[in-house]
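Per UniProt numbering, the sequence shown starts with residue 1, numbered consecutively.
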Amino acid sequence: MGELAIQNLSKKYGNKTALEKVDIILTNGVYGLLGPNGAGKSTLMQLITLNRKPSSGDIRWNGKSIFAESTRFRYVLGYMPQEQTLYPSFTAEEFLFYITALHGMKKSKASIAVENALKNVNLEMAAGQKIRTFSGGMKQRLLLAQSIISDPEVLILDEPTAGLDPYQRVEIRNLIAGMSLNRIILIATHVVQDVEVISKEIILIKEGRLVKTGSSFDLCRELEGHIFEAAVPAEEVESIKQCYRIYGIKELNSQQLCVRLFSDKKPDNMEVRIAAPTLEDVYLYELGGKSDEKPGQS
Numbered sequence: 001m002g003e004l005a006i007q008n009l010s011k012k013y014g015n016k017t018a019l020e021k022v023d024i025i026l027t028n029g030v031y032g033l034l035g036p037n038g039a040g041k042s043t044l045m046q047l048i049t050l051n052r053k054p055s056s057g058d059i060r061w062n063g064k065s066i067f068a069e070s071t072r073f074r075y076v077l078g079y080m081p082q083e084q085t086l087y088p089s090f091t092a093e094e095f096l097f098y099i100t101a102l103h104g105m106k107k108s109k110a111s112i113a114v115e116n117a118l119k120n121v122n123l124e125m126a127a128g129q130k131i132r133t134f135s136g137g138m139k140q141r142l143l144l145a146q147s148i149i150s151d152p153e154v155l156i157l158d159e160p161t162a163g164l165d166p167y168q169r170v171e172i173r174n175l176i177a178g179m180s181l182n183r184i185i186l187i188a189t190h191v192v193q194d195v196e197v198i199s200k201e202i203i204l205i206k207e208g209r210l211v212k213t214g215s216s217f218d219l220c221r222e223l224e225g226h227i228f229e230a231a232v233p234a235e236e237v238e239s240i241k242q243c244y245r246i247y248g249i250k251e252l253n254s255q256q257l258c259v260r261l262f263s264d265k266k267p268d269n270m271e272v273r274i275a276a277p278t279l280e281d282v283y284l285y286e287l288g289g290k291s292d293e294k295p296g297q298s
């Protein structure tokens, strides 16, 4: 089993601190990296993928610094960027053979690698099809295929379901889950649902600092008894916002709205029911505004 140890990792750009003293150990399985824009997710991925060097701290793969052993680490690393940097005139197979050439694979090994990658992302039937004809979901699967072409032990995925419809997101999610048995997979995303089900651990990051880690189940359990839903007249919503953190509003009928809110204790100024916390609630609670911004918040 491989181990990727991120040790006291910091990165500064001039006077701006993008990451500060991040410590976490990753082993085989899926990790969901969640945080708002500017939280430091991209910087962390750039450091792991050797596109940047840290200001201080280290990342160690099986005990050895990836920066001192960069060539060796690249052999076990796979990366799926958010941008669809593909060649529309290539076929899927041609594109993947091009990627094997960049990896310096021998032709005999490359043929097997391309065949396996296409099979793993369910694109065998589209191997000879031009990329320009691919749907968004097929392009994302091809990007995923190129990231696993060398059968990496560490796989970094940047917004793997960006721009996809719900069905395509589920398809990509299931593919990723099926690849996680013998490798470390780190998924950076804004789509909470994409990591809620398949991640063994969630990593919450804000303003360059590690806020909290844990399984989705454990993180949600911490908010049990603090998430409520209430049916209220539409005209009362603004006053409720002044007292509680609001995590969702939906229309019930022409006169009432269902408000989802956080509170330290059961509100006594309205009729509410306790709701089961979700990872999205955790995200909003841990990574939203400061706790003292509004009354009624923890």
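We treat Cβ as the ideally placed atom computed from N, Cα and C, and that holds for glycine. Quick caveat: nothing in here was measured; it's all calculated off a predicted structure.
Assign residue i to buried or exposed, taking buried as 16 or more other Cβ atoms, counted over all protein chains shown, within 10 Å of its Cβ.
i, result
"residue 1", "exposed"
"residue 278", "buried"
"residue 217", "exposed"
"residue 54", "buried"
"residue 4", "buried"
"residue 179", "buried"
"residue 282", "buried"
"residue 181", "exposed"
"residue 106", "exposed"
"residue 102", "exposed"
"residue 35", "buried"
"residue 251", "exposed"
"residue 196", "buried"
"residue 27", "exposed"
"residue 150", "buried"
"residue 78", "buried"
"residue 48", "buried"
"residue 274", "exposed"
Using a Cβ-Cβ cutoff of less than 7 Å, which residues in the same chain neighbour residue i once the five nearest sequence positions on both sides are dropped?
i, result
"residue 211", "204, 205, 286 and 287"
"residue 177", "30 and 198"
"residue 237", "249, 257 and 259"
"residue 25", "3 and 5"
Among the residues of its own chain, which have a CB less than 6 Å from the CB of residue i, if the five just before and after it don't count?
i, result
"residue 284", "247"
"residue 58", "7 and 65"
"residue 159", "82 and 189"
"residue 208", "17, 18, 19, 20 and 40"
"residue 234", "257"
"residue 50", "70"
"residue 60", "5"
"residue 73", "61 and 66"
"residue 22", "6, 9 and 210"
"residue 12", "55"
"residue 132", "88"
9 Å is my cut-off, CB to CB: does residue i come that close to chain D?
i, result
"residue 104", "No chain D is part of this structure, which consists of one protein chain only."
Rounded to the nearest angstrom, how far is the Cβ of residue i from that of residue j, given a contact under 8 Å?
i, j, result
"residue 143", "residue 80", "5 Å"
"residue 127", "residue 100", "Incorrect: roughly 14 Å between the Cβ atoms, too far for contact."
"residue 194", "residue 221", "Contact flag wrong, Cβ pair sits at about 21 Å."
"residue 259", "residue 175", "That pair is no contact at about 37 Å."
"residue 148", "residue 155", "7 Å"
"residue 183", "residue 153", "5 Å"
Output the boundary residues of the beta strand (DSSP E) element that contains residue i.
i, result
"residue 72", "Segment 70-75 is the alpha helix (DSSP H) holding residue 72; no beta strand (DSSP E) there."
"residue 233", "227-233"
"residue 247", "245-251"
"residue 8", "4-13"
"residue 132", "First-last for residue 132: undefined, no H or E at that position."
"residue 309", "Since the first residue of the chain shown is 1 and the last is 298, residue 309 is not available in this structure."
"residue 56", "56-61"
"residue 209", "209-214"
"residue 271", "Where residue 271 is concerned, there is no enclosing beta strand (DSSP E), given that its DSSP letter is neither H nor E."
"residue 34", "29-34"
Tell me the residue span of the alpha helix (DSSP H) that contains residue i.
i, result
"residue 285", "279-287"
"residue 120", "107-120"
"residue 87", "Where residue 87 is concerned, there is no enclosing alpha helix (DSSP H), given that its DSSP letter is neither H nor E."
"residue 242", "Run containing residue 242: none; DSSP gives neither H nor E here."
"residue 173", "166-178"
"residue 137", "136-147"
"residue 262", "Careful: residue 262 lies outside any alpha helix (DSSP H), inside the beta strand (DSSP E) at 256-262."
"residue 223", "Taken as a continuous stretch (DSSP letters only), residue 223 belongs to no alpha helix (DSSP H), as it is neither H nor E."
"residue 43", "41-48"
"residue 196", "192-196"
Short of 8 Å in beta carbon distance, which residues of its chain neighbour residue i, apart from the five on each side in sequence? Order them along the chain.
i, result
"residue 130", "88, 89, 90 and 91"
"residue 146", "80, 95, 96, 99 and 117"
"residue 161", "140, 168, 169, 172, 173, 189, 191 and 194"
"residue 223", "262, 277, 281, 282 and 285"
"residue 213", "24, 201, 202, 203 and 204"
"residue 93", "114, 118, 127 and 128"
"residue 38", "207"
"residue 52", "11, 43 and 46"
"residue 123", "92, 138, 141, 142 and 145"
TODO: Decide if the region 182-194 is in contact with the region 104-119; the criterion is three or more beta carbon pairs, one per stretch, under 8 Å apart.
DONE: As far as the Cβ criterion goes, the region 182-194 does not touch the region 104-119, which means the pair count is below three.
Open item on the list: When you compare the region 26-34 with the region 125-145, are there three or more beta-carbon pairs, one atom per stretch, that lie closer than 8 Å?
Closed with: Not touching, per the Cβ criterion.
- [ ] Kindly confirm or deny that the region 224-235 and the region 255-274 touch, where touching means at least three C-beta pairs closer than 8 Å.
- [x] Yes, they touch.
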